[in-house]
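In this text, residue positions in the sequence shown follow our numbering: the first is 131, and each later residue adds one.
All residues carry an ideal CB built from backbone N, CA and C; glycine is no exception.
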Amino acid sequence: FEIEKEMPNEVEDGYTTIAGFILSHAGKIPDTGEIFHEGKFTFEIVDMDANHIDKILVTVNEEDANRLDLESKED
């Protein structure tokens, strides 16, 4: 998927990377294993290197994706 199409507000919200997105939404430096949900995506912090987010697992929640697609078609 293309993150720019799926999450177009990154520039307005002050971040340009997925790590920046996580930091912006968490409001803190996350711990390994923390999970964040946004729209149809789940972000899991897989690995941290001190205060640096090293690896993030991003998955698409199919149920949420289908619901959001239906809502956008209704608009």
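The shortest CA-to-CA distance from residue 172 to any of 179, 155, 182, 181 is the one to 155. If the five residues before and after residue 168 are omitted, its C-beta is found closer than 7 Å to the C-beta atoms of 155, all from its own chain and listed in chain order. The shortest C-alpha to C-alpha distance from residue 180 to any of 152, 150, 159 is the one to 159.
Where residue 159 is concerned, there is no enclosing beta strand (DSSP E), because DSSP gives it neither an H nor an E. Burial check for residue 165: the Cβ neighbour count within 10 Å stays below 16, so the residue is exposed.
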